[in-house]
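**Q**
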Amino acid sequence: MQSNKKIHEFLKKLDIKPNSIDIYVQSLTHKSYNFSNPSTPHYEMLEFLGDSAIHYAVTRAIYDNFYKNEGNSTQLRAVLTSTNYLAKVCQDLGLIDLVFLGKGASEIRENNKLKADVFEAFSAAILLDQGFDKLNEFLAKYLYNGVNFACEKEYKDPKSIFQEKIQSFSSLSKINYLPTRLADGTFRVDLIWEEKKYGIGYGKSIKEAEFNAATNALNIFAVDTDQ
Numbered sequence: 001m002q003s004n005k006k007i008h009e010f011l012k013k014l015d016i017k018p019n020s021i022d023i024y025v026q027s028l029t030h031k032s033y034n035f036s037n038p039s040t041p042h043y044e045m046l047e048f049l050g051d052s053a054i055h056y057a058v059t060r061a062i063y064d065n066f067y068k069n070e071g072n073s074t075q076l077r078a079v080l081t082s083t084n085y086l087a088k089v090c091q092d093l094g095l096i097d098l099v100f101l102g103k104g105a106s107e108i109r110e111n112n113k114l115k116a117d118v119f120e121a122f123s124a125a126i127l128l129d130q131g132f133d134k135l136n137e138f139l140a141k142y143l144y145n146g147v148n149f150a151c152e153k154e155y156k157d158p159k160s161i162f163q164e165k166i167q168s169f170s171s172l173s174k175i176n177y178l179p180t181r182l183a184d185g186t187f188r189v190d191l192i193w194e195e196k197k198y199g200i201g202y203g204k205s206i207k208e209a210e211f212n213a214a215t216n217a218l219n220i221f222a223v224d225t226d227q
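As numbered in full-length UniProt numbering, the sequence shown has no gaps in its residue numbers, which increase by one up to the final residue, 227.
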């Protein structure tokens, strides 16, 4: 199967010798593909496992290297496990190009939530196939390789940064985060300032969706104020 060959080649680049290629195929199979190929399991349960595994690995790495500042540790973990950050790592790795999607679903390949979900599912596949040490090695190389844990830098969350930017213009303006629960149990949050939508974020919780909406808003706000 040509697609399996591509996955083998991808794993080789990551220095992973799979014990079972099937778990990696599953981690890259979206449920839209499963509709037309019901015998092929999709990645949703792997995503569930990967989410927890990544949170633990990141928390442990921060604890081992950054334990002197609990406040900054919490913010750093929020950054490293955010949908937008995981999506970026997934994109940079080229992992998203290997995802099996159903007919007519190709447009969702650029969706950040899908990219983050795929990264979590793929991480779970490594955990199940290779063990935690290999997963930790993978995450250290690709997820938090650029983090200087010894740095005293304050890792502010995007909500605080956006609030500070707005306050530099007006202390009276209120920022509103409007949550909507989606059919799949996740959340969408619209960030509204002065009756204009500045950001949209998705997440497994309202807090995560607000985080991602603020990140999106910072990018839009920077463009808007530069014009």
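Idealized CB from N, CA, C, for every residue including glycine. Bear in mind the structure is a predicted one, so any value in this text is a computation, not a measurement.
1) Give the straight-line distance between the Cα atoms of residue 102 and residue 40, rounded to the nearest whole angstrom.
2) Only counting runs of 4 or more residues, tell me where the alpha helix (DSSP H) segments fall wholly within the UniProt domain "DRBM" (157–223), in order along the chain.
3) Who pairs with residue 138 in a beta bridge, going by DSSP?
4) Specify the secondary structure class of residue 226 as computed by DSSP and reduced to three states.
5) Going by CA-CA distance only, name the one from 169, 196, 89, 135 that's closest to residue 114.
6) Could you check which residue in 191, 86, 188 has the C-alpha nearest to that of residue 142?
7) In three-state terms, what does DSSP make of residue 83?
8) In three-state terms, what does DSSP make of residue 40?
9) Measure the C-alpha to C-alpha separation of residue 182 and residue 206 and round it to an integer number of angstroms.
10) Is the beta carbon of residue 189 closer than 9 Å to that of residue 175?
11) My assumption, with CB atoms under 8 Å, is that residue 212 sits in contact with residue 202. Please give the rounded CB distance.
12) Alpha carbon to alpha carbon, how far is residue 123 from residue 18? Give it in angstroms, no decimals.
13) Between residue 29 and the rest of its own chain, which residues show a CB-CB distance below 6 Å, the 5 nearest in sequence each way excluded?
14) Leaving aside the five residues before and after residue 161 along the sequence, list all residues of the same chain whose C-beta is less than 8 Å from its C-beta, in chain order.
15) Using a Cβ-Cβ cutoff of less than 7 Å, which residues in the same chain neighbour residue 83 once the five nearest sequence positions on both sides are dropped?
16) Residue 16 and residue 130: beta carbons closer than 9 Å?
**A** Put simply:
1) By 1-based counting over the sequence shown, the position of residue 102 is 102. By 1-based counting over the sequence shown, the position of residue 40 is 40. In a straight line, the C-alpha of residue 102 is about 12 Å away from that of residue 40.
2) 158–167
3) Counting from 1 along the sequence shown, the entry for residue 138 is found at position 138. Beta-bridge pairing links residue 138 to no other residue.
4) On the sequence shown, residue 226 is found 226 positions in, with the first residue counted as 1. For residue 226, the pLDDT reaches just 43, beneath the cut-off of 50, and the residue's location in the model is therefore unreliable, leaving the point undetermined.
5) Sequence index remark: in the sequence shown, residue 114 carries index 114 (1-based). Residue 89 is the option with its Cα nearest to residue 114.
6) If you number the sequence shown from 1, residue 142 lands on position 142. Residue 86 is the option with its Cα nearest to residue 142.
7) Position 83 of the sequence shown, counting from 1, holds the residue named residue 83. Of the three classes helix, strand and coil, the one that applies to residue 83 here is helix, per DSSP.
8) For the purposes of this step, residue 40 is taken as residue 40 along the sequence shown, with counting starting at 1. Looking at residue 40 - three-state DSSP - the assignment turns out to be coil, as it is neither helix nor strand.
9) As a position in the sequence shown, residue 182 is number 182, starting the count at 1. As a position in the sequence shown, residue 206 is number 206, starting the count at 1. If I take the Cα positions, the gap works out to 11 Å.
10) If you number the sequence shown from 1, residue 175 lands on position 175. If you number the sequence shown from 1, residue 189 lands on position 189. It is not a contact, given that the beta carbons lie outside the stated cut-off.
11) Taking the sequence shown and counting its residues from 1, the one referred to as residue 212 is at position 212. Taking the sequence shown and counting its residues from 1, the one referred to as residue 202 is at position 202. Contact holds; Cβ gap of about 6 Å.
12) Along the sequence shown, one-based indexing puts residue 18 at 18. Along the sequence shown, one-based indexing puts residue 123 at 123. Their Cα atoms are separated by approximately 13 Å.
13) Indexing the sequence shown from 1 puts residue 29 at position 29. Cβ within range, chain order: 40, 42, 43, 100.
14) By one-based count along the sequence shown, residue 161 stands at place 161. Contacts found: 214, 218.
15) Position 83 of the sequence shown holds residue 83. Cβ within range, chain order: 112, 113, 116, 202, 203, 208, 212.
16) Taking the first residue of the sequence shown as 1, we reach residue 16 at position 16. Taking the first residue of the sequence shown as 1, we reach residue 130 at position 130. In this structure, residue 130 lies closer than 9 Å to residue 16 by Cβ.
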